[in-house]
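Enquirer: Numbering (the numbering used here), first residue to last: 4 to 387. Just so you know, even glycine gets a beta-carbon here, dropped at the ideal spot from N, CA and C. This structure is in structure tokens; I'll ask about it shortly.
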């Protein structure tokens, strides 16, 4: 039996690489549903190749073009954000890959969990914003969550077979991004183009900027806290420029397990799709004879304050990580639009965290309202 896969966000970096994995393993996986936000041309191309049962374009103005292009194929064509949340509950779907970027991934993930689906989670913001709620729902509905982020996949792989052996510490590795060796003064003048040139990974624009500002590692720390049921003080951030060790787990006997590999997102994607099995791949292999040394450095929260803000947010709890995430999404968009400078992103995030309304025990509606309010504050700070 082939696994039926729904890819939420099929035209982005994770979505396109997931389709590459499925293309190479068509005897094991079939595409049941594809969704995209605005990239209708690529969605049409993907639908014609993979012939899913249904496709959704979130931007309703693009629906006529999508419908017309696929009219000769037996594919259901829907539009709108609400349709994405409806697609994920289809009974034939075995696994939902949530590859949307940002807060938009929260509602479809909730709907898929409520339907008891297995989730391959590539949308880190879901757990950043509402980690406690999501993990409680996953337990209630017996929905398995398999992480796709390379770091969380590495931790997950290190824990397979460890049953209930207590974790002493999780070590999240970070490449350090393109500005690892910059001074604080140098960071004041970095350009959009410089920030988008990641030394090791090929990723979408948002996550690439997050990596350059170290916010990515802060969000991953919050995500790891919920996924692996540890406290923030049990999570260390270690800069590892080669991106060979993707993360490590230290157990209470002092033993450390690490997952290694070349920086290629297709590996954690394939692992999540095929779990609990490992399947053959044609990916390039790591050759230790070509590696003279693996280097590690302490993360610098003075130079990269976003990492400190993430620890502050999870320490405060409640809706503060939601505020952090919304402010960051707006700040990154403003930087990409060249409205603010690189270091001003941190100013926008810090000020938004101090201005937005704090809620200690938020529900789903509170998260939606918090996200909207924090975006409004961050937007006004970014466009003054």
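Give me the residue from 179, 8 and 16 with the minimum Cα distance to residue 90.
Expert: 8
Enquirer: When you compare only the Cα positions, how much space is there between residue 242 and residue 285?
Expert: So the alpha carbons of these two residues sit roughly 29 Å apart.
Enquirer: Between residue 162 and residue 63, what straight-line distance do the alpha-carbon atoms span, to the nearest angstrom?
Expert: 42 Å
Enquirer: Distance check for residue 15 and residue 58, CA to CA, integer angstroms please.
Expert: 15 Å
Enquirer: Is there contact between the segment 178-194 and the segment 139-150, where contact requires at least three CB pairs shorter than 8 Å?
Expert: no
Enquirer: In terms of residue numbering, what span does the alpha helix (DSSP H) encompassing residue 102 cover?
Expert: Looking at the DSSP string, residue 102 is not in any alpha helix (DSSP H), and its letter there is neither H nor E.
Enquirer: Please name the residue in 332, 369, 345 and 368 whose C-alpha comes closest to that of residue 355.
Expert: Of the listed residues, the one whose Cα sits closest to residue 355 is 332.
Enquirer: Answer with buried or exposed for residue 257, where buried requires no fewer than 16 other C-beta atoms within 10 angstroms of its C-beta.
Expert: exposed
Enquirer: Let's see if you can read the secondary structure: which residues bound the beta strand (DSSP E) around residue 335?
Expert: Looking at the DSSP string, residue 335 is not in any beta strand (DSSP E); the run it does join, the alpha helix (DSSP H), is 323-339.
Enquirer: Tell me, which residues are paired with residue 57 by DSSP?
Expert: 36 and 79
Enquirer: For the candidate residues 168, 363, 300 and 316, whose alpha-carbon lies nearest to that of residue 260?
Expert: 168
Enquirer: Which word fits residue 77, buried or exposed, when buried means at least 16 other C-beta atoms lie within 10 angstroms of its C-beta?
Expert: By the neighbour-count definition (other C-beta atoms within 10 Å, threshold 16), residue 77 is an exposed residue.
Enquirer: Report all residues from its chain with a CB closer than 7 Å to the CB of residue 391; omit the five preceding and five following residues, and keep chain order.
Expert: This structure leaves residue 391 out entirely; the chain is present only between 4 and 387.
Enquirer: In chain order, which beta strand (DSSP E) runs of at least 3 residues are fully inside the segment 174-260?
Expert: 238-242 and 248-254
Enquirer: In whole angstroms, give me the CA-to-CA distance for residue 303 and residue 187.
Expert: Take the alpha-carbon of residue 303 and the one of residue 187: they are about 10 Å apart.
Enquirer: Excluding the 5 residues preceding and the 5 following residue 112 in the sequence, name in chain order all residues of the same chain whose CB lies nearer than 6 Å to its CB.
Expert: Excluding positions up to five away in sequence, the list reads 101 and 129.
Enquirer: Counting beta carbon pairs with one atom in the segment 170-179 and one in the segment 276-284, are three or more of them shorter than 8 Å?
Expert: Using a C-beta cut-off of 8 Å, the segment 276-284 makes no contact with the segment 170-179, since fewer than three inter-stretch Cβ pairs fall below that distance.
Enquirer: Do you know how far the Cα of residue 114 is from the Cα of residue 84?
Expert: If you take the alpha carbons of residue 84 and residue 114, they lie about 12 Å apart.
Enquirer: Would you mind working out which of 263, 11, 254 and 147 sits nearest residue 165, comparing C-alpha positions?
Expert: 254
Enquirer: Can you name, in chain order, every residue of its own chain whose Cβ lies under 6 Å from the Cβ of residue 42, other than the five neighbours on each side?
Expert: 14
Enquirer: Ignore the nearest five residues each way along the sequence and tell me which others in residue 53's own chain have a CB closer than 6 Å to its CB.
Expert: 34
Enquirer: Have a look at 265, 159 and 295 and flag the residue whose alpha-carbon is nearest the alpha-carbon of residue 287.
Expert: 265
Enquirer: So who's on the other strand from residue 170, going by DSSP bridges?
Expert: 254
Enquirer: For residue 123 versus residue 276, is the C-beta spacing smaller than 8 Å?
Expert: yes
Enquirer: Which value, in whole angstroms, describes the spacing of the CA atoms of residue 324 and residue 292?
Expert: As the crow flies, the alpha-carbon of residue 324 is around 42 Å from that of residue 292.
Enquirer: With distance defined between alpha-carbon atoms, name the residue in 45, 31 and 30 nearest to residue 37.
Expert: 45
Enquirer: Would DSSP call residue 123 helix, strand or coil?
Expert: strand
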